[in-house]
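Read left to right, the sequence shown gives residues 25 to 398 (the numbering used here).
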Amino acid sequence: MSLSSISPVGLAVTQLQARVRGHQLLEAAGNGDSFKVKLLLARGEDVNATDKYGRTALYIAAKAGKTEVVEELVKAGADVNVTNKYGVTALHNAVGRDHLEIVKLLLVNRANINATDKHGRTALYIAAKAGKTEVVEELVKAGADVDVNVTNIYGMTALHGAANIGFADIVKALVIAGANLNTTDKYGRTALYIAAQAGKTEVVEALVSAGAELNTRDVHGMTALNWAIANGHTKIVETLVKEGAELTTTDVHGITALQIAIFEGHYIHVKNAIEEGKKELIAQLGALEHEHVWGEKSTDKLAALCKENSTKNDHIDVLNKPDLQRYIWGFNNKPSLRLKKARQYSAEAATKIQAMARGNLVRKKNKALNQKSK
Numbered sequence: 025m026s027l028s029s030i031s032p033v034g035l036a037v038t039q040l041q042a043r044v045r046g047h048q049l050l051e052a053a054g055n056g057d058s059f060k061v062k063l064l065l066a067r068g069e070d071v072n073a074t075d076k077y078g079r080t081a082l083y084i085a086a087k088a089g090k091t092e093v094v095e096e097l098v099k100a101g102a103d104v105n106v107t108n109k110y111g112v113t114a115l116h117n118a119v120g121r122d123h124l125e126i127v128k129l130l131l132v133n134r135a136n137i138n139a140t141d142k143h144g145r146t147a148l149y150i151a152a153k154a155g156k157t158e159v160v161e162e163l164v165k166a167g168a169d170v171d172v173n174v175t176n177i178y179g180m181t182a183l184h185g186a187a188n189i190g191f192a193d194i195v196k197a198l199v200i201a202g203a204n205l206n207t208t209d210k211y212g213r214t215a216l217y218i219a220a221q222a223g224k225t226e227v228v229e230a231l232v233s234a235g236a237e238l239n240t241r242d243v244h245g246m247t248a249l250n251w252a253i254a255n256g257h258t259k260i261v262e263t264l265v266k267e268g269a270e271l272t273t274t275d276v277h278g279i280t281a282l283q284i285a286i287f288e289g290h291y292i293h294v295k296n297a298i299e300e301g302k303k304e305l306i307a308q309l310g311a312l313e314h315e316h317v318w319g320e321k322s323t324d325k326l327a328a329l330c331k332e333n334s335t336k337n338d339h340i341d342v343l344n345k346p347d348l349q350r351y352i353w354g355f356n357n358k359p360s361l362r363l364k365k366a367r368q369y370s371a372e373a374a375t376k377i378q379a380m381a382r383g384n385l386v387r388k389k390n391k392a393l394n395q396k397s398k
């Protein structure tokens, strides 16, 4: 009998019965009743039937962690990439709830690993922010895009999400997988910035060790150090200063990090952390080959200016002589250069040379590690 030969009332009843059976399939899937799922499928139920929210039996079973049911539905040809009305897939559900075996099943059956929901979140982002380390590792192994030109609606990557909550192991896994350390969200914040702001010390240390940029500014001109100081995270302040973070950068209102510390009532603690960080950086840089501390009797005009700026601006007073010579080349050949320009030039030199000195330190550490591994 064709549908066209059925009366309107009969058709409505038939459709209602189909919906009821479809809902029975979804209910059985959610309850983990694999026997009933098999029975309903054997009767010809639509394996991809949805409820009013766009959820399929597979979606519900994956969310509930019903591995055996997921296996049956996949065997029956369930579409692994169907989304609910919010763009959420079965894979999104499984990763967020740490259902590792279901994640593996879905990936083997060609679930779209980089699919995004309506908020722009991928499975990797969801797992990273939820602290599901094994799931993150499985997704990375399966080829998940660790940067995903795919970011959430705020421009945040999986690395941002993990850094914000403080999941250091996941941060390290993403770094090893090649995540871009310096990607910024729509507000100009890097993962390091977010971790420093949130007081996640272990994450900050992991990102700094991996070579994250220290002085990136957000849309308001704030840096990771500014926020660490503002929130009184003294251990993070010490770490950032030790690695050479700039103390004199100002936000869009011209306020420095130390002024923020005074305003927030953290000045004494922050000042002590800064001093400890500076001492350690000076000790580390001073141990490098060919490093020179300028003496009081130096006759080099630019050297004197750089020293003056390093003192005023809290730049480290230990600079590499060959690098200094590179920057002062041409200065002595421009006798008409005004003092104002010289001061500006020297301030830039001090900052750049300090960065080079940090680079030298990193190279020396890597060289020592390579020799040790041999």
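Ideal Cβ placement from N, Cα and C applies to all residues, glycine included. Note that the structure is a prediction, hence the values are computed from the model and not measured.
- For Lys-99, the closest C-alpha among the options Gly-111, Tyr-110, Lys-87, Ala-81 is that of Ala-81.
- Membership of Thr-91 in the alpha helix (DSSP H) is indicated by the continuous run 91–99.
- For the pair of segments examined, the stretch 273–291 was found not to touch the stretch 219–230: the number of CB pairs separated by less than 8 Å stays below three.
- Pairing Val-119 with Val-106, the inter-Cα distance amounts to about 16 Å.
- Taking the CA atoms as reference points, Leu-49 sits about 7 Å from Leu-64.
- Non-local beta-carbon contacts of Thr-91 in its own chain, meaning distances under 8 Å to residues more than five positions away in sequence, involve His-123, Glu-125, Ile-126, Leu-129 in chain order.
- The residues Asp-209, Lys-210, in chain order, have a CB closer than 6 Å to that of Gly-179 in the same chain once the five nearest residues on each side in sequence are set aside.
- Between Gly-223 and Asn-176 a beta carbon distance of about 22 Å is seen, past the 8 Å cut, so the two are scored as non-contacting.
- In the DSSP assignment, the residues bridged to Thr-274 are Thr-280.
- Take Leu-264, set aside five residues on each side of it, and the residues of its chain with a beta-carbon closer than 8 Å to its own are Ala-220, Val-228, Val-232, Leu-238, Ala-248, Leu-249, Ala-252, Gly-301, in chain order.
- Cβ neighbours of His-293 within its own chain (closer than 6 Å, five residues either side excluded): Thr-258.
- If you ignore the 5 residues before and after Ser-58, its C-beta comes within less than 6 Å of the C-beta of Glu-92, Val-93, Glu-96, all in its own chain and listed in chain order.
- When DSSP states are grouped into helix, strand and coil, Ile-137 belongs to the coil group.
- If you compare the alpha carbons of Glu-288, Leu-183, Ile-260 with that of Glu-299, the shortest gap goes to Ile-260.
- Taking C-alpha positions only, Ile-84 is separated from Lys-62 by approximately 16 Å.
- Between the C-alpha atoms of Glu-162 and Gly-111 there is a straight-line separation of about 22 Å.
- Ala-154 places its beta carbon 8 Å or farther from that of Thr-113.
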